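One structure is given below, encoded as structure tokens.
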Amino acid sequence: MIRDMMLSRLGANMKKSYAAAATGTLLLVLACGPISARDAQGVLDTGREIQRLQQEEISPRLNAIAELREEIEPLEARLRTIEKEAREIERES
38 MIRDMMLSRL GANMKKSYAA AATGTLLLVL ACGPISARDA QGVLDTGREI
88 QRLQQEEISP RLNAIAELRE EIEPLEARLR TIEKEAREIE RES
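For the sequence shown, the working numbering puts the final residue at 130, and the numbers step up evenly by one.
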């Protein structure tokens, strides 16, 4: 019973929070007014810049990192094997 009451209160509080957030969002939109074409163009330019950076700078670097990982993984495996062999030799001594 107490659990049900707590869940009921929690649900009521959540509804109030959502209503307050929705009201706040609407008031903010009304206060800011419509987005100008210039502002919208700035958003588009930013999106294009992000896309350009992704294609020209980020992707090549990620590819280089992937290639290095391919080279490093066999070396790490060999290192683990050598370390394991060294521990076995130490145990035998």
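Virtual Cβ for every residue (Gly too), placed ideally from N, Cα, C. The model shown is predicted, which means the values in this text are computed figures rather than measured ones.
- In this model, alanine 114 and glutamate 108 are separated by some 11 Å (Cα to Cα).
- By the criterion of a C-beta distance shorter than 6 Å, isoleucine 95 is surrounded by no residue of its chain, once the five residues flanking it on both sides are discounted.
- Note on geometry: alpha-carbon atoms of arginine 117 and proline 97 lie some 30 Å from one another.
- Cα atoms of threonine 83 and glutamate 110: separation of roughly 37 Å, rounded to the nearest angstrom.
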